[in-house]
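Position in the sequence shown (from 1) plus 34 gives the number in my numbering. Before any comments, here is the structure.
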Amino acid sequence: MLAQRKHWKVAPGVRFDRGTTVLESGAPMSTGQEKLADLKAVATGKVRDMYEIGDDLLMVASDRISAYDVVMPNPIPDKGKVLTQMSVFWFEHTSEICPNHFISQEVPQEVEGRALRVRKLEMYPVECVVRGYLSGSGWREYQETGGVCGIALPEGLQQCDKLPEPIFTPATKADVGAHDENIDIDRAAEILGDDALAEELKRLSIEIYDHAARHAAEKGIILADTKFEFGKSPGAEIVLADEVLTPDSSRFWPADDYSPGRDQDSFDKQYVRNWLDEEGWDHSPPAPELPAEVVESTRGRYIEAYEKITGRKLD
């Protein structure tokens, strides 16, 4: 959940989005890609497809869903709309903290509601993960080392405990089919080649997380953790990019059911991961087909998260 890209304006073979590789010919790498005849398809990923549109990019969110870096064989209806519209909401509500790449929703009719026109950026090659609660890979690392990404934590914490304060736990961006690696801020600074930049990414990531967590709490939802992607453009050293604070990039838990010491019910794709683990899948492709009840329940969770957090109905 928590991913190699250099920049949005890319040459063939250069990574520029989580799980996304530039195409040599412009042909799609996976099923589910939208066919927009007048636009050049430049890349496709596990979830999103990218096109050139003038001097900008068209970022299209499909209904595909991945888990453990593998795309499931069947999609989740309306998922692309949820990711897109929730990102728009958060871009609007975090723009005073950090500029972002969102330009408009003036997009081709075929992808209305689930596509954004965005700026091309030179992307920073680390994922900026913020954790407010001890879950997922953070919980596993804590059990082994007593900390997460080089940050020592108090003894005796339980699974899903709230942390004393949010922590910045960056990750590498793995190649397609590989897994991201949690790293400490020193390693992130080494990858970025700039200590001051790493510290500023940390500061901004935690500030955006805090802002979003407070808003979500007012809606009865716990924002347990999330990941951000940043890049730069002429005149802006740090720009928030990619999708933001969605059920794909975050863990959302219902506050009224929260209880540490166990897995939490969720409004995100953790439900799919849990089903896959119960089925005994080894996380290697191909993934098993999701049963209808898992698809529908996941769809309902994504829509509920969107509507609770934004106060808007999904069109």
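Where a beta carbon is used, it is the ideal one built from N, C-alpha and C, also for glycine.
Asked	Found
Could you spell out where the alpha helix (DSSP H) holding D90 opens and where it closes?	D90 -> not in any alpha helix (DSSP H); beta strand (DSSP E) instead, spanning D90 to A95.
Using alpha carbons as the reference points, say which of D103, E338, E146 and S121 lies closest to N134.	S121
Check for me: the beta strand (DSSP E) holding Y243 runs from which residue to which?	First-last for Y243: D229 to E252, but that is the alpha helix (DSSP H), not the beta strand (DSSP E).
Taking the C-alpha atoms as reference points, what is the distance between D229 and D72?	43 Å
Are there 16 or more other CB atoms within 10 angstroms of the CB of V56, so buried, or fewer, so exposed?	Unreliable positioning characterises V56 in this predicted model, as indicated by a pLDDT of 33, which lies under 50. The coordinate reading is nonetheless provided below. The residue is buried, with at least 16 neighbouring Cβ atoms inside 10 Å.
Among the residues of its own chain, which have a CB less than 7 Å from the CB of S59, if the five just before and after it don't count?	The pLDDT assigned to S59 is 30, lower than 50, so where the model puts this residue is not dependable; a value taken from the coordinates is nonetheless given after this. Closer than 7 Å at Cβ, skipping near neighbours: no residue.
Measure the alpha-carbon distance for G181 versus S284 and round it to whole angstroms.	20 Å
Looking only at its chain, what residues have a beta carbon closer than 6 Å to the beta carbon of M106, apart from the 5 residues adjacent to it on each side?	I99, A321 and L324
Take P109 and list the residues in its own chain whose beta-carbon comes closer than 6 Å to its own, dropping the five residues that flank it on each side.	D97 and R98
What does DSSP give as the partner residue(s) for G373 in the beta ladder?	Residue 373 falls outside the range modelled here, since the chain spans only 35 to 349, and no answer is possible.
According to the Cβ coordinates, are F262 and V163 closer than 9 Å?	yes
Where does the unbroken alpha helix (DSSP H) through M120 begin, and where does it stop?	K113 to T128
Excluding sequence positions up to five away, which residues of its chain have a Cβ less than 6 Å from the Cβ of A223?	D229 and A232
Can you tell which of H317, K342 and N308 has the C-alpha that lies nearest to the C-alpha of V328?	N308
State the Cα-Cα distance for the pair I242 and L274, rounded to the nearest angstrom.	10 Å
Would V278 and T128 qualify as a contact pair, given that the criterion is a beta-carbon distance under 9 Å?	yes
Using DSSP with H/G/I as helix, E/B as strand and the rest coil, what is Y305?	helix
Comparing alpha-carbon positions, which option in E140, E178, R174 and C194 lies nearest G166?	C194
Using 9 Å as the threshold, is the C-beta distance between E86 and V76 below it?	yes
Does the Cβ of S171 have 16 or more other Cβ atoms within 10 Å, making it buried, or fewer, making it exposed?	buried
Can you tell me the Cα-Cα spacing of T203 and P159, whole angstroms?	14 Å
Just the C-alpha distance for V104 and D291, rounded to the nearest angstrom, thanks.	29 Å
Whose C-alpha, out of L91, R237, K196 and P111, is nearest the C-alpha of E156?	L91
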